[in-house]
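Only one structure is covered here, and it is reproduced in the block below.
Number of protein chains: 2
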Amino acid sequence: MTKPIRLNEQLCFSIYKAQKQFNHFYSQALAKYKLTYPQYITLLSLYEHGTMSVKEVGQTLNLDSGTLTPLMKRMEKDGWISRKRSAQDERRVDVSLTKKATDMRDEIYEHVGSCMTYLRFPDEVYDAIKAQVDSVDEHLAAIPDEELQ
Amino acid sequence: MTKPIRLNEQLCFSIYKAQKQFNHFYSQALAKYKLTYPQYITLLSLYEHGTMSVKEVGQTLNLDSGTLTPLMKRMEKDGWISRKRSAQDERRVDVSLTKKATDMRDEIYEHVGSCMTYLRFPDEVYDAIKAQVDSVDEHLAAIPDEELQ
DNA sequence: ATCGAGCTTATTGTAGACGATTTAATTAGG
DNA sequence: CCTAATTAAATCGTCTACAATAAGCTCGAT
Numbered sequence: 001m002t003k004p005i006r007l008n009e010q011l012c013f014s015i016y017k018a019q020k021q022f023n024h025f026y027s028q029a030l031a032k033y034k035l036t037y038p039q040y041i042t043l044l045s046l047y048e049h050g051t052m053s054v055k056e057v058g059q060t061l062n063l064d065s066g067t068l069t070p071l072m073k074r075m076e077k078d079g080w081i082s083r084k085r086s087a088q089d090e091r092r093v094d095v096s097l098t099k100k101a102t103d104m105r106d107e108i109y110e111h112v113g114s115c116m117t118y119l120r121f122p123d124e125v126y127d128a129i130k131a132q133v134d135s136v137d138e139h140l141a142a143i144p145d146e147e148l149q
Numbered sequence: 150m151t152k153p154i155r156l157n158e159q160l161c162f163s164i165y166k167a168q169k170q171f172n173h174f175y176s177q178a179l180a181k182y183k184l185t186y187p188q189y190i191t192l193l194s195l196y197e198h199g200t201m202s203v204k205e206v207g208q209t210l211n212l213d214s215g216t217l218t219p220l221m222k223r224m225e226k227d228g229w230i231s232r233k234r235s236a237q238d239e240r241r242v243d244v245s246l247t248k249k250a251t252d253m254r255d256e257i258y259e260h261v262g263s264c265m266t267y268l269r270f271p272d273e274v275y276d277a278i279k280a281q282v283d284s285v286d287e288h289l290a291a292i293p294d295e296e297l298q
């Protein structure tokens with residue numbers, strides 16, 4: 001008697017698939033820089049805000065140190081960032097961009113920007129979809145965990 | 150002179166965040182069944198289509214055997230599915246639902262369905278957002294990899 | 001009958017994601 | 001001023017995700 005749940009009618013599944021498509025899109029677009037998508041958004045956040053602690057980067061990306069520590073170690077090994085314990089507060093690790101990262105900044109902006117043109121969405125459509133997805137995110141975030149048990 | 154890319158203006162980032170919120174939402178809603186979201190959609194697909202090979206399940210979910218084999222082994226251990234090599238074609242592994250899974254079907258539909266009401270989107274809004282996200286997915290899927298290099 | 005092309009599943013290696021725990025450093029309270 | 005609580009990062013365990021590779025099977029052509 002219960003209404004069946006069809007996968008292709010579920011918004012969660014559409015978002016799940018779209019996220020994987022974006023991941024594939026960026027893995028192609030970023031291959032020449034050997035950056036993954038999570039590494040790329042870490043870089044974007046540092047371009048935007050400058051040197052930050054691991055915690056602060058995590059707040060901009062909704063990621064915790066369990067994800068960021070190994071990711072940033074890989075980015076450090078690849079020469080994008082440097083990590084240094086703060087002298088003022090030795091609990092913090094400050095993450096800053098290397099010369100390579102600042103030198104490549106405009107090229108990366110330009111290359112990724114040109115890749116985005118292949119999406120071929122007019123700005124208004126792009127903005128409208130983004131606003132709706134953001135509202136889904138906010139609605140979900142507002143649900144207390146207890147409601148779901 | 151290149152236009153900076155602001156994280157919070159990127160559709161990819163909105164979708165990335167929304168996908169993680171949905172993951173959290175379902176991890177709460179499915180906790181009582183000890184199912185993860187990828188396990189849940191595997192179950193949904195089997196409820197919908199009945200016994201299938203690993204390959205066919207993968208086609209409904211856009212996942213390959215590298216993801217599905219270990220995931221399904223866990224679901225088998227937890228008593229949701231059984232895996233058996235096909236007698237007709239011994240390359241295939243047929244995946245079918247256990248009695249537990251069919252017995253729980255309506256309860257799971259109902260519980261997840263009731264959790265969805267907390268999203269509080271009218272059907273038309275839900276459908277409109279879903280259609281737009283699907284179109285993003287399709288647009289991305291249509292871009293040949295070579296364009297992005 | 002058998003050989004090989006092509007298909008299906010399994011395995012491996014790398015990278016994310018996140019909850020839970022641990023360790024170290026800082027702050028606050030009595 | 002010292003201990004308790006808080007905070008930050010790292011670590012660990014578990015679960016995805018996917019590319020690349022391996023292994024085994026089927027079927028058709030010879």
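Read top to bottom, the protein sequences are chains A and V. Using my numbering, you'd call the opening residue of the first sequence number 1 and step up by one each time. Using my numbering, you'd call the opening residue of the second sequence number 150 and step up by one each time. Each residue gets a CB set at the ideal place from its N, CA and C atoms; glycine is no exception. No experiment lies behind these values; they were computed from the predicted model shown.
*Buried or exposed: Q188 (chain V), going by 16 or more other Cβ atoms within 10 Å of its Cβ?*
Along the second sequence, one-based indexing puts residue 188 (chain V) at 39. Label assigned to Q188 (chain V): buried.
*asked:* Counting beta carbon pairs with one atom in the segment 281 to 292 of chain V and one in the segment 240 to 258 of chain V, are three or more of them shorter than 8 Å?
replied: Not touching, per the Cβ criterion.
*In its own chain, which residues sit with a C-beta less than 6 Å from the C-beta of L30 (chain A), not counting the 5 before and 5 after it?*
Against the first sequence, residue 30 (chain A) aligns to sequence position 30. Answer for L30 (chain A): Y40, listed in chain order.
_Distance CB(A277 (chain V))-CB(Q21 (chain A)) smaller than 7 Å_ = As a working mapping, residue 277 (chain V) is identified with position 128 in the second sequence. As a working mapping, residue 21 (chain A) is identified with position 21 in the first sequence. Result no, Cβ atoms of A277 (chain V) and Q21 (chain A) do not sit closer than 7 Å.
*Pair within 7 Å by beta-carbon distance, Y109 (chain A) and T185 (chain V)*: Numbered from its first residue, the first sequence carries residue 109 (chain A) at position 109. Numbered from its first residue, the second sequence carries residue 185 (chain V) at position 36. No, the Cβ-Cβ distance between Y109 (chain A) and T185 (chain V) is not below 7 Å.
*Per DSSP, cross-strand counterpart(s) of S245 (chain V)*: Translated into the one-based positions of the second sequence, residue 245 (chain V) becomes position 96. When DSSP reads this structure, S245 (chain V) sits in a beta bridge with V:S231.
_Please classify K166 (chain V) as buried or exposed, where buried requires at least 16 neighbouring CB atoms within 10 angstroms._
Start at 1 with the first residue of the second sequence, and residue 166 (chain V) comes out as number 17. Around the beta carbon of K166 (chain V), a 10 Å sphere encloses 16 or more other beta carbons of the protein chains shown; the residue is thus reported as buried.
*Determine the closest residue to R6 (chain A) out of V:F270, V:H173, V:I230, V:L210, with distance taken between C-alpha atoms.*
Residue 6 (chain A) sits at position 6 when you count from the first residue of the first sequence. Ranking the options by Cα distance to R6 (chain A), first place goes to V:L210.
*Check each residue of the segment 27 to 57 of chain A: if its Cβ is closer than 8 Å to any Cβ of chain V, include it; give the result in chain order.*
Cβ contacts with chain V come from Q28, A29, A31, K32, Y37, I41, L44, S45, Y47, E48.
*Which of the residues in the segment 68 to 97 of chain A, read from start to end, lie with their CB under 7 Å from any CB of chain V?*
Listed in sequence order: no entries.
*Measure from the C-beta of Q168 (chain V) to each C-beta in chain A and report whether the shortest distance is under 7 Å.*
Counting from one through the second sequence, the residue named residue 168 (chain V) turns up at place 19. Chain A, which has a Cβ nearer than 7 Å to the Cβ of Q168 (chain V), makes this yes.
*Rounded to a whole number of angstroms, what is the C-alpha to C-alpha distance between K73 (chain A) and T42 (chain A)?*
By 1-based counting over the first sequence, the position of residue 73 (chain A) is 73. By 1-based counting over the first sequence, the position of residue 42 (chain A) is 42. Rounded to whole angstroms, K73 (chain A) to T42 (chain A) spans 12 Å at the Cα level.
*From E296 (chain V) to K32 (chain A), what does the alpha carbon distance come to, in whole angstroms?*
Within the second sequence, residue 296 (chain V) is the residue found at index 147, counting from 1. Within the first sequence, residue 32 (chain A) is the residue found at index 32, counting from 1. Approximately 13 Å, taken between the alpha carbons.
_Opening and closing residue of the alpha helix (DSSP H) in which E225 (chain V) lies_ = To locate residue 225 (chain V), count along the second sequence from 1; it is residue 76. In the DSSP assignment, E225 (chain V) falls within the alpha helix (DSSP H) that extends over 214 to 226.
_So if DSSP puts S53 (chain A) in a beta bridge, which residue, or which two residues, is it bridged to?_
Working through the first sequence from its first residue, we reach residue 53 (chain A) at position 53. By DSSP's assignment, S53 (chain A) forms a beta bridge with A:D94.
_Cβ neighbour criterion (16 or more within 10 Å) applied to G207 (chain V)_ = Counting from 1 along the second sequence, the entry for residue 207 (chain V) is found at position 58. Taking a 10 Å sphere around the C-beta of G207 (chain V), we find 16 or more other C-beta atoms and assign the residue as buried.
*Using a Cβ cut-off of 7 Å, which residues of the segment 276 to 296 of chain V contact any Cβ in chain A, in chain order?*
Of all residues in the segment 276 to 296 of chain V, I278, K279, Q281, V282, D283, V285, D286, H288, L289, A290, I292, D294, E296 have a Cβ within less than 7 Å of some Cβ in chain A.
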